[in-house]
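Note sheet for the following structure.
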Amino acid sequence: MEQYETTATAGTPERVGLTFLTLAHTLRERVDRHMTATAGLSLSRTKVLQVLAGHGPLHQAELATALGQAPRSVTQILESLERMGLVTRTGHPADRRRKTVELTDAGRTTLAAAEEAGTRLLRRLFGSLAPQQLTDLDALLALVATGLAGDETD
């Protein structure tokens, strides 16, 4: 992780924001690598399986909407998950383009392993914080999330 020098900009919104972005990116990459190495499932694939576990079988278009992703991106992930035996896709009798996606038993097992791997790493990385520090960080992140949800400037 990059070290930051104390400068006149330390503590400014842009400096804190850039530090947060760097840390978030690094944390995401590390969790993704750990989950892939431990359970064979990346964060993006884990998210697909989590949505299916929570909603049950979905049509691919519904799944893409639930994930907030383009249908083409989801199709590529699903092809990979299907090859791995973690999901099944069945065609609609009247519309061959419409496919229903369902989590397999192997998918449930792999999802549980991936979630556990991610949880273990996050506990290790954030476990050095005192309970009050975790509470404070959680509250600060909630404030940032609230501000982000209300800001439509992209």
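In terms of my numbering, the sequence shown opens at residue 1438 and continues consecutively. All C-beta atoms, glycine included, are put in the ideal place defined by N, C-alpha and C. All values derive from a computational prediction rather than experimental measurement.
Of the choices H1496, L1486 and G1555, whose alpha-carbon is the least far from that of G1522? Per the Cα distances, L1486.
Identify every residue that forms a DSSP beta bridge with G1528. The partner list for G1528 (beta bridge, DSSP) reads K1536.
Tell me whether L1500 sits in a helix, a strand or coil according to DSSP, three-state version. Helix, per DSSP.
Boundaries (first-last residue) of the alpha helix (DSSP H) holding A1567: Per DSSP, A1567 belongs to no alpha helix (DSSP H) and is neither H nor E.
Rounded distance between the beta-carbons of V1538 and D1489, thought under 8 Å: Inspection of the sequence shows that residue 1489 is occupied by Leu rather than by Asp. The pair is a contact, with the Cβ atoms about 6 Å apart (cut-off 8 Å).
Write down the C-beta distance between L1566 and L1574 rounded to the nearest angstrom, noting that I regard them as a contact closer than 8 Å. Sure, about 7 Å apart at Cβ, within 8 Å.
I'd like to know if the segment 1551 to 1567 and the segment 1495 to 1505 are in contact, where contact means that at least 3 CB-CB pairs between them fall below 8 Å. Judged by Cβ distances under 8 Å, the segment 1551 to 1567 makes no contact with the segment 1495 to 1505, as fewer than three pairs qualify.
Mind checking whether V1524 and G1544 have CB atoms under 7 Å apart? It is a contact, given that the beta carbons lie within the stated cut-off.
Look at the alpha carbon of F1457 and the alpha carbon of T1547, and state the distance between them as a whole number of angstroms. For F1457 and T1547, the distance between alpha carbons rounds to 31 Å.
From which residue to which residue does the alpha helix (DSSP H) around G1448 run? From DSSP, G1448 is part of no alpha helix (DSSP H); its letter is neither H nor E.
Could you give the distance in angstroms between the alpha-carbon of T1449 and the alpha-carbon of L1455? So the alpha carbons of these two residues sit roughly 10 Å apart.
Which residue from L1558, A1579 and L1577 puts its Cα closest to that of E1466? Among L1558, A1579 and L1577, the Cα nearest to that of E1466 is on L1558.
Is the separation between the beta-carbon of M1472 and that of A1579 shorter than 7 Å? At least 7 Å separates the beta-carbon of M1472 from that of A1579.
Which one or two residues does DSSP pair with L1495 in a beta bridge? By DSSP's assignment, L1495 forms a beta bridge with V1538.
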